[in-house]
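Only one structure is covered here, and it is reproduced in the block below.
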Amino acid sequence: MKLIVCCSKGSSYEHIFDKVIDITENDTFRLLKLDGVKMSRRIRFFIHVMVTSHFENLKEIFYHNLKKLEAVEYVLDFNIYHCAGWKQYWMEQVKG
């Protein structure tokens, strides 16, 4: 994975994270539509930024050469933070 993150420029893997971000965004949009959420331009952009930032944060594991235990702890901490933010965001959306 480190090779893909740090050394894929010019290879067929260069844009792998862009593809994963697109898939994640589209799945998120699909699920929100199933829940009846109206997908305004603002919400679509917000989701794009949040999904992109999530994957950019995961890349930091490789940029900083974290050991496996450090990486696991980082991912757990980041997911707690990220999920709390999503929860707060959607609670505010429900309030109107």
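The sequence shown lines up with residues 1 to 96 when you count with UniProt numbering. We treat Cβ as the ideally placed atom computed from N, Cα and C, and that holds for glycine.
Return the Cβ separation of residue 28 and residue 51 in integer angstroms, given the expectation that the two are a contact with Cβ distance under 8 Å.
Residue 28 to residue 51, Cβ: 7 Å. Contact.
Exposed or buried, which one is residue 61 when buried takes at least 16 other CB atoms within 10 Å?
The residue in question, residue 61, is buried, as its Cβ has 16 or more Cβ neighbours within 10 Å.
Span of the alpha helix (DSSP H) holding residue 66?
Segment: none, residue 66 is in no alpha helix (DSSP H) and carries neither H nor E.
Residue 25 and residue 47: beta carbons closer than 9 Å?
Yes, these two residues count as a Cβ contact at 9 Å.
Can you give me the Cβ contacts of residue 14 inside the same chain, cut-off strictly under 8 Å, excluding the 5 residues immediately before and after it?
Taken in chain order, the residues that qualify are 8.
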